[in-house]
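Going by the working numbering, the letters in the sequence shown line up with residues -16 to 463, in that order.
Worksheet for the structure shown next.
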Amino acid sequence: MSDDAEVTIRAHWKSFVACGVMALSPFQYGLDFGIIGGFQAMPGFLQIYGHPAPETVLGWNISTTRQQLISSLMTLGAFTTTGLAGIIAIKLGRRVSMWLSCLLCIVANVIMMTTTHIGALYVGRLVIGLANGGLIIFSQLYIQEVSPAKYRALFFNAFQFCVSLGTLIGTIIDWATAKRPDRSAYLIPLSVVFVIPVVLIIGIFFIPESPRWLIERGQSDKGRKSLDWLRPTSVEADQEATDIQRAIELERDTKDGISVLDMFKNPIDRRRTILSICVVSLQNVPGSMFIIPYKAYFLAIAKVSDPFAMSNVLSAIGLLGLIVGASLVVRYGRRRVLLIGGLLGCGTLQLAMAVTYDKHGGTPEAGKAIVALCSVFMFVYVGAIGPYSYLIGGELPSQRLRTYTFGLSSSIGFLLTWCITFTAPYFINPNSLGWGPKYGYIWFPSAMIGALWTFLFLPELKGRTLEEIDEMVFPPPSRS
């Protein structure tokens, strides 16, 4: 096979299959976001968990506390799982960890479908958060460690595409069932949640374990077999196995054992840990988590006509933004797209929404303007921030600490997401402050601070293998 043929997508089709199976997990995460966000604008759901509110557009409302807990407990569960991800992934491997996450997802969904008690619903939301956190973190670790360097950004675009596609499918299902007058309005969407975990449980049987994890565990032969399956030629598999082994031995020679505290013990690892935490946290600084989980409710409060249909439009526009962003990042790099298109763009749009609602809130013209601005926000956020903050956050840690560092980064990211989803109802719900889109006044300066940090501190890692990144920021002793 020629050198040109070796780098084609066709030559790496097995890597695409393996990463494609794992990319189903963010679909599940997006599906949950899309479905649950719509429940809070469904009369069939609000008749059980809400209260009559004749003065509102829906005729029903839900208490701020219940709204906070239903939306944020999933994120709290994800925070818990990702905080333990380093220990779990190192002990059990990526595939077993994924299986456990799928089983938790099924258990959680059974709880939510069989109860009408708010306490049990809270438990279901927390357990599905534990599952979704595992699905997100373990699948990302697998994709980072299995994908060829040339296609890593492409795989993470596919990862984010699946999140956005899941959200779109969830909102479409909600739209189709929202007008049902009974529990079937939300039970039908919940039944769809079973599909992806079952497919994953079966699909993971047919793909290999992460070769990097196997080699780190001293199972070099199994790691080499895994690479033989994933790479188009034995020469490429041999070279990569050698590079992985060398990187592991280098770090073992310069460090005594591995512990969680190693993330902060020396200046190099500490810097890499801080960079990873900060770049993953950029997911939250534009205030996306007060729009995405509450799309239908947010649009209803803004008096937008047919908020479920408009939620579908926003999700579809996010998918389009992802495709455009993928083409831009190849040309301009991740850092520039994240900075200019993502943080500066999203922050400006939040300010525009806040000003529009503040000056003209409640008018049909303001509703149309807010839909337009939300559409552009989704386009920019999903295309410029969504895939790349997690991608860079997973690339920055050293190989020996990747599971610990990326787990910590993701955990802190989910904690920030929980804080936003928990507090957002207090700002947008008419039962509390009732700001609605004026909440954007808070997120404009937040996005500007994130943009300044990105400009000053974030490096560009495009096109480098994980081992090259190790050498770039963790040089061998002989070079120091």
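Backbone N, C-alpha and C define an ideal beta-carbon position, used for all residues, glycine too.
Check your understanding: Are Asn140 and Ala309 touching if we call contact CB-CB under 7 Å?
Key -> Here residue 140 is taken as the residue at index 157 of the sequence shown, counted from 1. Here residue 309 is taken as the residue at index 326 of the sequence shown, counted from 1. Yes. Within cutoff.
Exercise for review: Run the CB neighbour count on Asp(-13), radius 10 Å, all protein chains shown included, and call it buried at 16 or more, exposed below.
Suggested key: What you label residue -13 is simply residue 4 of the sequence shown in a count that begins at 1. With a pLDDT of 47 at Asp(-13), under the threshold of 50, the modelled position of that residue is not reliable, and the figure given next carries that caveat. Exposed: under 16 other Cβ atoms inside 10 Å.
Exercise for review: Report yes if the CB atom of Leu233 is closer than 7 Å to the CB atom of Ala220, and no otherwise.
Suggested key: One-based indexing of the sequence shown puts residue 233 at position 250. One-based indexing of the sequence shown puts residue 220 at position 237. Contact: no.
Check your understanding: In chain order, what residues of the same chain lie with their CB nearer than 7 Å to the CB of Leu398, ignoring the 5 residues before and after it?
Key -> Taking the first residue of the sequence shown as position 1, residue 398 is located at position 415. So the qualifying residues of the chain are Phe62.
Review point. How is His343 classed by DSSP in three states: helix, strand or coil?
Key: Here residue 343 is taken as the residue at index 360 of the sequence shown, counted from 1. Residue state, collapsed to three classes: helix.
Review point. Cα separation between Ser461 and Thr256?
Key: Here residue 461 refers to the residue found at position 478 of the sequence shown. Here residue 256 refers to the residue found at position 273 of the sequence shown. Reliability fails at Ser461, whose pLDDT of 43 lies under 50, so the model's placement of it is uncertain and no value is given.
Point to revise | Spatially closest choice to Phe(-1) from Gly433, Leu173, Ser130 and Ser193, by CA coordinates | key: As a working mapping, residue -1 is identified with position 16 in the sequence shown. If we check each option's Cα against that of Phe(-1), Ser130 comes out closest.
**Study point:** Exposed unless 16 or more other CB atoms sit within 10 angstroms - verdict on Pro428
**Key:** Translated into the one-based positions of the sequence shown, residue 428 becomes position 445. Exposed, because fewer than 16 other Cβ atoms sit within 10 Å of the Cβ of Pro428.
Practice item. Report the three-state DSSP secondary structure of Asn44 (helix, strand or coil). Key: For the purposes of this step, residue 44 is taken as residue 61 along the sequence shown, with counting starting at 1. Three-state result, Asn44: strand.
Review point. Is DSSP giving Pro408 helix, strand or coil here?
Key: Taking the first residue of the sequence shown as 1, we reach residue 408 at position 425. If DSSP states are grouped into helix, strand and coil, Pro408 belongs with the helices.
Practice item. Can you tell me which of Ser298, Arg318 and Thr388 puts its alpha carbon nearest to the alpha carbon of Phe440? Key: The residue you call residue 440 lines up with position 457 of the sequence shown. Looking at the Cα atoms, Arg318 is the closest of the given residues.
Review point. How about the region 256 to 271 and the region 321 to 328: do they share at least three Cβ pairs that are nearer than 8 Å?
Key: yes
Check your understanding: Do you know whose CA, among Arg253, Phe405 and Arg166, lies nearest Gly27's CA?
Key -> By 1-based counting over the sequence shown, the position of residue 27 is 44. Residue Arg166 is the option with its Cα nearest to Gly27.
Check your understanding: Are the CB atoms of Phe16 and Pro276 nearer to each other than 7 Å?
Key -> On the sequence shown, residue 16 is found 33 positions in, with the first residue counted as 1. On the sequence shown, residue 276 is found 293 positions in, with the first residue counted as 1. Yes. Within cutoff.
Exercise for review: Please state whether DSSP places Pro35 in a helix, a strand or coil.
Suggested key: By one-based count along the sequence shown, residue 35 stands at place 52. The answer is strand: DSSP assigns Pro35 an E or B state.
Review point. Is it true that the region 184 to 201 meets the region 331 to 342, where meeting means three or more beta-carbon pairs spaced less than 8 Å apart?
Key: no
Check your understanding: Within 10 angstroms of its Cβ, does Glu378 collect 16 or more other Cβ (buried), or is it exposed?
Key -> For the purposes of this step, residue 378 is taken as the residue at position 395 of the sequence shown. It is buried - the Cβ of Glu378 has at least 16 other Cβ atoms within 10 Å.
**Study point:** Integer-rounded CB distance, given that Leu109 should sit under 8 Å from Leu56
**Key:** What you label residue 56 is simply residue 73 of the sequence shown in a count that begins at 1. What you label residue 109 is simply residue 126 of the sequence shown in a count that begins at 1. 5 Å between Cβ atoms; contact.
Check your understanding: Is the region 117 to 133 touching the region 84 to 103, taking contact as three or more C-beta pairs under 8 Å?
Key -> yes
Point to revise | Start-to-end residues for the alpha helix (DSSP H) that takes in Met464 | key: Here the chain has residues from -16 to 463 only, and residue 464 is not among them.
Check your understanding: In terms of alpha-carbon separation, which member of Leu7, Thr346 and Pro408 lies closest to Phe144?
Key -> In the sequence shown, the residue the question calls residue 144 occupies position 161. The shortest C-alpha separation from Phe144 is found at Leu7.
Review point. In whole angstroms, what is the alpha-carbon distance linking Lys208 and Arg214?
Key: Within the sequence shown, the letter at position 225 stands for residue 208. Within the sequence shown, the letter at position 231 stands for residue 214. Computed Cα separation, rounded: 10 Å.
Exercise for review: Along the alpha helix (DSSP H) that carries Met95, what are the first and last residues, could you check?
Suggested key: Locating residue 95 in the sequence shown gives position 112, counting from the first residue. Counting along the chain, the alpha helix (DSSP H) containing Met95 begins and ends at Ala68 to Met96.
Check your understanding: Hey, quick one: how far does the alpha helix (DSSP H) through Ile171 stretch, first residue to last?
Key -> Counting from 1 along the sequence shown, the entry for residue 171 is found at position 188. Element bounds for Ile171: Ser167 to Val175.
Check your understanding: If you count every other CB in all the chains shown that lies within 10 Å of the CB of Ser84, and 16 or more means buried, which is it?
Key -> Walking along the sequence shown from the start, residue 84 turns up at place 101. Buried, because 16 or more other Cβ atoms sit within 10 Å of the Cβ of Ser84.
Check your understanding: Going by Cα to Cα distance, which pick from Lys421, Leu297, Pro380 and Gly350 is closest to Asp501?
Key -> With the chain covering -16 to 463 only, the question about residue 501 has no answer from this structure.
Check your understanding: Quick one: Cα of Leu197 to Cα of Thr97, how far?
Key -> Taking the first residue of the sequence shown as position 1, residue 197 is located at position 214. Taking the first residue of the sequence shown as position 1, residue 97 is located at position 114. Cα to Cα, Leu197 sits roughly 41 Å from Thr97.
Check your understanding: So, using beta-carbon positions, are Gly304 and Ala430 closer together than 7 Å?
Key -> Translated into positions along the sequence shown, residue 304 becomes position 321. Translated into positions along the sequence shown, residue 430 becomes position 447. Not in contact: Gly304 and Ala430 (Cβ atoms no closer than 7 Å).
Review point. If we call anything under 7 Å between Cβ atoms a contact, is Ile171 one with Thr154?
Key: Here residue 171 is taken as the residue at index 188 of the sequence shown, counted from 1. Here residue 154 is taken as the residue at index 171 of the sequence shown, counted from 1. Not in contact: Ile171 and Thr154 (Cβ atoms no closer than 7 Å).
Review point. Counting pairs of beta carbons, one from the region 290 to 303 and one from the region 356 to 367, are three or more of them closer than 8 Å?
Key: yes
Point to revise | Selected residue, minimal CA-CA separation from Leu148, among Ile306, Ala168 and Gly433 | key: What you label residue 148 is simply residue 165 of the sequence shown in a count that begins at 1. Ranking Ile306, Ala168 and Gly433 by Cα distance to Leu148 puts Ile306 first.
Review point. Just the Cα atoms here: how many angstroms apart are Gly417 and Pro35?
Key: By one-based count along the sequence shown, residue 417 stands at place 434. By one-based count along the sequence shown, residue 35 stands at place 52. So the alpha carbons of these two residues sit roughly 18 Å apart.
Check your understanding: Taking C-beta to C-beta, are Gly33 and Asp157 nearer than 7 Å?
Key -> In the sequence shown, counting from the first residue as 1, residue 33 sits at position 50. In the sequence shown, counting from the first residue as 1, residue 157 sits at position 174. The answer is no: Cβ separation not under 7 Å.
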